[in-house]
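Going by full-length UniProt numbering, the residue at position 86 of the sequence shown is 86; the numbering climbs one at a time, nothing skipped.
Think of the CB as a built atom: it goes at the ideal place given N, C-alpha and C, for glycine as much as any other residue.
Shown next, in structure tokens, is the structure this report addresses.
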Amino acid sequence: MNDFGAPPVDVPRSADDVTWLVDQFADRVPGVTHALLITSDGLLLAASQGTARNLGERLAASTSGLLSLAQDGGNVLGVGRPEALTVRYPGGHLVCMRAGDAACLMIAASPAADLGVIANEMLRLIDGVGPALTPQLRSELGVLAPEPGGLLGVLGPEPRRLRR
């Protein structure tokens, strides 16, 4: 159970499972327009369907920068690392939560989205995905460069597409 009393999602066992969970999150949670799992240093691990690859990579990099600034502020104040970050724009929201020690779940949402519902659902996903980001799974995710709705791994000149 998370802080809101909701059970976590099923623990993923493969990179394909992680991608599928991120994609299902974006489809299932009202108001979510994009969902991304990123490394703390700004690499895109998984993106929801409909998130263009270049958009996902740009969001991953900019979110990493925002988190770095927030962490610096926490260091200056002596309050620790940020657990969550929310940015409100006239046209929507960006919400980011830590998913384990070296990853983050980032979502973009419409202006009318219920951020309480989104936060609860993010915690459910993180409760399932965070512990599953073992060195082996992180390596599998990190080796593969994502494309919308899946992971694209290049093994020589031909890409392979992983889908559930």
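In the structure shown, what three-state DSSP assignment does residue 119 receive? helix
Which two residues bound the contiguous alpha helix (DSSP H) that contains residue 53? 53-77
Per DSSP, which one or two residues make a beta bridge with residue 44? 38
Consider the Cβ of residue 105: report whether some Cβ of chain C lies at a distance smaller than 8 Å. No chain C appears in the structure shown, which is made up of a single protein chain.
Give me whichever residues DSSP pairs with residue 87 in a beta bridge. 94
Start and end of the beta strand (DSSP E) containing residue 108? 103-109
Sequence-distant residues of its chain with Cβ nearer than 7 Å to residue 121 (five each side left out): 25 and 29
With a 10 Å radius around its C-beta and 16 neighbouring C-beta atoms as the bar for buried, classify residue 110 as buried or exposed. exposed
Given that a residue counts as buried once 16 or more other Cβ atoms are within 10 Å of its Cβ, and exposed if not, what is residue 57? buried
Could you round the C-beta distance between residue 105 and residue 126 to whole angstroms and report it? I think they count as a contact, below 8 Å. 6 Å
In whole angstroms, what is the alpha-carbon distance linking residue 102 and residue 113? 27 Å
Below 8 Å between beta carbons: does that hold for residue 40 and residue 67? yes
On a CA-only basis, which of 43, 107 and 45 is nearest residue 34? Give me that one, please. 107
Kindly indicate which three-state DSSP category residue 129 falls into: helix, strand or coil? helix
Quick one, which of 78, 76, 77 and 98 has its alpha-carbon nearest residue 86's? 98
Should residue 52 go down as buried or exposed, given a rule of 16 or more other Cβ atoms within 10 Å for buried? exposed
By a C-beta neighbour count over all protein chains shown, 10 Å radius and 16 as the cutoff for buried, is residue 77 buried or exposed? exposed
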